[in-house]
Amino acid sequence: MAAMAAMATTTTTTTTKTTATASGQNEDEKLTTAARVARAGRGVYVTTQFGFERVAAEELEATLGKPRAELLEDKGFVFAALDSFDCLTQEAASKLRSVENAYALVTAVRIAGLAQMPKEEALDALRRAAAETDPACWEAAKEAAWRVRGVSVKESARGAKFRIFRKRFGKPKHQFTSTDIGLPVFKGLDLLLPDWEGVLEDPNVSIMARVSDDILFLGVKLTDELVWSNLLLPYERERVLTPLRPSAAHAMAVLSRPQPAEIFIDPMAGCGTIPEVAAHSYAGQLFCISGEKDPLSVQKARRNADASPMHAYLDVVQWDARRLPLREGVVHRAACDLPFGKKCGSRKQNKTLYVDLVKELDRTMVRGGAAVLLSGDLRNIESCNPPGKTCTSEQWRAQCGGLDVTIKIIHKRETPVVCDDADS
Numbered sequence: 001m002a003a004m005a006a007m008a009t010t011t012t013t014t015t016t017k018t019t020a021t022a023s024g025q026n027e028d029e030k031l032t033t034a035a036r037v038a039r040a041g042r043g044v045y046v047t048t049q050f051g052f053e054r055v056a057a058e059e060l061e062a063t064l065g066k067p068r069a070e071l072l073e074d075k076g077f078v079f080a081a082l083d084s085f086d087c088l089t090q091e092a093a094s095k096l097r098s099v100e101n102a103y104a105l106v107t108a109v110r111i112a113g114l115a116q117m118p119k120e121e122a123l124d125a126l127r128r129a130a131a132e133t134d135p136a137c138w139e140a141a142k143e144a145a146w147r148v149r150g151v152s153v154k155e156s157a158r159g160a161k162f163r164i165f166r167k168r169f170g171k172p173k174h175q176f177t178s179t180d181i182g183l184p185v186f187k188g189l190d191l192l193l194p195d196w197e198g199v200l201e202d203p204n205v206s207i208m209a210r211v212s213d214d215i216l217f218l219g220v221k222l223t224d225e226l227v228w229s230n231l232l233l234p235y236e237r238e239r240v241l242t243p244l245r246p247s248a249a250h251a252m253a254v255l256s257r258p259q260p261a262e263i264f265i266d267p268m269a270g271c272g273t274i275p276e277v278a279a280h281s282y283a284g285q286l287f288c289i290s291g292e293k294d295p296l297s298v299q300k301a302r303r304n305a306d307a308s309p310m311h312a313y314l315d316v317v318q319w320d321a322r323r324l325p326l327r328e329g330v331v332h333r334a335a336c337d338l339p340f341g342k343k344c345g346s347r348k349q350n351k352t353l354y355v356d357l358v359k360e361l362d363r364t365m366v367r368g369g370a371a372v373l374l375s376g377d378l379r380n381i382e383s384c385n386p387p388g389k390t391c392t393s394e395q396w397r398a399q400c401g402g403l404d405v406t407i408k409i410i411h412k413r414e415t416p417v418v419c420d421d422a423d424s
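Counting from 1, one number per residue, gives the positions in the sequence shown under full-length UniProt numbering.
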């Protein structure tokens, strides 16, 4: 009887532990990504254009040595928890090329009921949250930002001159605006960091203050889009009417998964941004071709290619993307920012243009090749697919320049699909 009682007790205890573990897992699943970031604490918080998070996560994983499972991804941002900011260097940051902005996240504080609080009470809660952060962590974040930016000794001797950049977002409508966030956060930090000086112009420390639902994110900006643009395309360029951001161009090139000694094309390249970025990102590994029909755009793309340090790996060709002057099976990777049918062309024209382009890509790509297409003409891009069974495709919604777009990846099969007589 005693043995049976012991067994029953053990079984009950095990069941209780299992139930508690399952309950904990369920609670974690219920938390928003922002709430999980708040639970994780300090780390690196990077923003990217919605739809390119997987590329930013891969870059963080490779740069920080963090397993992908430990990274937190959500619409437009990726987060990696860190015990120290010492790994944030200029060399490490230069590898985050699909990133728009990067921050050393000092803290993410959950303020219960923030969205329902009256305005003055909510702003006071933000002030208290800022004042309770760790000053040593702010100093470490500042030093990391200065390392990444390459701040000179002369500039650092000025001391910390900070400015707060604030933003509010989330489904519950708060009783305060984004503009209101700045003053209470400043008051909290002013007492916490007496050696730091708040300024409106020429700051050497940019502080992020973001409110998402009931969570306040505070951190130091490591870099900004201008730095990434100069990093990817470090020279003066001529542009077309609708240029693509270099960070988005890099992400598209990465999604095509190029390998060394391959040929990479953009069949409708405009001023040549995507091939130029691909040539920089995969220095000496790819031969990149910018193709364009418009003579003025061809001239701009050619001048941009000539100015590029990677001009030996770039070529510019005038062609019609619907009839590429290429043999079958010579292109390994392709990426293209298609005309949306607003400023360039029309959606009626896109209906046939997209289909003809996909047919040409199917014809000219090698087996195992891939093409990444981006368009704001959602209906036409999502409905155009390669003919037959030589290719597969995947697609998802994203945002580019504030516009809703679809990213479509076309994969050419390694081996042809043999059709049964019933399918013929």
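Virtual Cβ for every residue (Gly too), placed ideally from N, Cα, C.
If you follow the alpha helix (DSSP H) that ARG363 is in, where does it begin and where does it stop? Residues 347-364.
Using a Cβ-Cβ cutoff of less than 8 Å, which residues in the same chain neighbour SER281 once the five nearest sequence positions on both sides are dropped? Closer than 8 Å at the Cβ level, and outside the excluded window around SER281, lie ARG97, LEU232, HIS250, ALA253 and VAL254.
Start and end residues, beta strand (DSSP E) containing VAL205: Taken as a continuous stretch (DSSP letters only), the beta strand (DSSP E) holding VAL205 covers 205-212.
Bridge partners for ARG147 per DSSP, in chain order? According to DSSP, which records beta bridges pairwise, ARG147 is partnered with nothing at all.
Using a Cβ-Cβ cutoff of less than 7 Å, which residues in the same chain neighbour ARG110 once the five nearest sequence positions on both sides are dropped? Once the five neighbours on either side are set aside, the close Cβ partners of ARG110 are ALA35, ALA38, ASP214 and ILE215.
With a threshold of 16 other CB atoms inside 10 Å of the CB of TRP138, please say whether the residue is buried or exposed. Its Cβ being crowded by 16 or more others within 10 Å, TRP138 is buried.
Which parts of the stretch 78-164 are runs of the alpha helix (DSSP H), unbroken and 4 residues or longer, counting only runs that do not cross its ends? Given a length threshold of 4 residues, each whole run of the alpha helix (DSSP H) inside the stretch 78-164 is given here in chain order: 90-93, 119-131, 135-149 and 153-156.
So the candidates are ALA136, ASP180, VAL240 and ARG237; which of them puts its Cα closest to the Cα of TRP196? It is ALA136.
Would DSSP call PHE340 helix, strand or coil? Coil at PHE340, not helix or strand.
Pairwise C-alpha distance: GLU155 and LYS293: Near 48 Å, if we compare the C-alpha coordinates of GLU155 and LYS293.
Backbone CA spacing between GLY159 and HIS332 [nearest angstrom]: Straight-line spacing of the CA atoms in GLY159 and HIS332 works out to 51 Å.
Under DSSP, the beta strand (DSSP E) around residue 442 begins and ends at which residues? Residue 442 falls outside the range modelled here, since the chain spans only 1 to 424, and no answer is possible.
Taking the Cβ atom as the reference point for each residue, do GLY188 and GLU121 lie within a distance shorter than 9 Å? In this structure, GLU121 does not lie closer than 9 Å to GLY188 by Cβ.
Could you check what DSSP says for ASP266 in three-state terms: helix, strand or coil? Three-state result, ASP266: strand.
Sequence-distant residues of the same chain with beta carbon closer than 6 Å to CYS336, five excluded per side: Around CYS336, the same chain offers ASP266, PRO267, MET268 and LEU373 as residues with beta carbons nearer than 6 Å, after the five sequence neighbours per side are excluded.
Counting along the chain, where does the alpha helix (DSSP H) carrying GLU73 start and finish? GLU73 -> not in any alpha helix (DSSP H); beta strand (DSSP E) instead, spanning 72-74.
Leaving out the 5 sequence neighbours to the left and right, which residues in its chain are closer than 6 Å to PRO325 when beta-carbon positions are compared? Excluding positions up to five away in sequence, the list reads TRP319.
Apart from the five residues on each side of it in sequence, which residues of its chain come closer than 8 Å, Cβ to Cβ, to VAL220? These residues qualify, in order along the chain: TYR103, ALA104, VAL106, TRP138, ALA141, LYS142, ALA144, ALA145, VAL205, SER206, ILE207 and MET208.
Should LYS30 be labelled buried (16 or more other beta-carbon atoms within 10 Å of its own) or exposed? Residue placement at LYS30 cannot be trusted, given a pLDDT of 46 that sits under 50; the coordinates are not used to answer.
Taking the Cβ atom as the reference point for each residue, do PRO118 and GLN49 lie within a distance shorter than 9 Å? Between PRO118 and GLN49, the gap from beta carbon to beta carbon reaches 9 Å or more.
May I ask you to verify whether the stretch 47-61 touches the stretch 71-83, counting CB pairs closer than 8 Å and requiring at least 3? Cβ pair count under 8 Å is three or more, so yes.
Counting C-beta neighbours from all protein chains within 10 Å, is the total for PHE169 16 or more, i.e. buried, or is it exposed? So PHE169 ends up on the exposed side.
State the Cα-Cα distance for the pair SER84 and PHE162, rounded to the nearest angstrom. Their Cα atoms are separated by approximately 22 Å.
Just the Cα atoms here: how many angstroms apart are VAL330 and ARG149? Their backbone Cα atoms lie some 42 Å apart in a straight line.
Where do the ends of the alpha helix (DSSP H) carrying GLY182 lie? Segment 178-192, the alpha helix (DSSP H) holding GLY182.
Taking contact to mean at least 3 C-beta pairs separated by less than 8 Å, is the stretch 380-400 in contact with the stretch 355-372? The stretch 380-400 vs the stretch 355-372: in contact.
Sorted by chain position, which residues of the same chain lie with C-beta nearer than 6 Å to ASP28's C-beta, five sequence neighbours on each side aside? Since pLDDT at ASP28 reaches only 49, below the 50 mark, its modelled position is unreliable, and no value is offered.
What does the alpha-carbon distance come out to for the pair LYS342 and THR352? Between LYS342 and THR352, the alpha-carbon positions lie close to 16 Å from each other.
ALA81 versus GLY43 - alpha carbon distance: Approximately 4 Å between the Cα atoms of the pair.
Run of the beta strand (DSSP E) containing SER290, from where it starts to where it stops: Taken as a continuous stretch (DSSP letters only), the beta strand (DSSP E) holding SER290 covers 286-292.
How should VAL199 be labelled, buried or exposed, when 16 other C-beta atoms within 10 angstroms of its C-beta is the threshold for buried? Exposed.
According to DSSP, is LEU255 helix, strand or coil? Helix, per DSSP.
What residue from PRO275, GLY401, PRO243 and VAL240 has the CA that sits closest to PRO258's CA? Ranked by how close their Cα comes to the Cα of PRO258, the residues PRO275, GLY401, PRO243 and VAL240 have PRO275 in first place.
So what does DSSP say about LEU244, is it helix, strand or coil? LEU244 falls in the coil class under three-state DSSP.
Separation of THR177 from ILE164, as counted between CA atoms: Between ILE164 and THR177, the C-alpha separation is close to 15 Å.
I'd like the span of the beta strand (DSSP E) that includes LYS221, first residue to last. For LYS221, the enclosing beta strand (DSSP E) starts and ends at 215-223.
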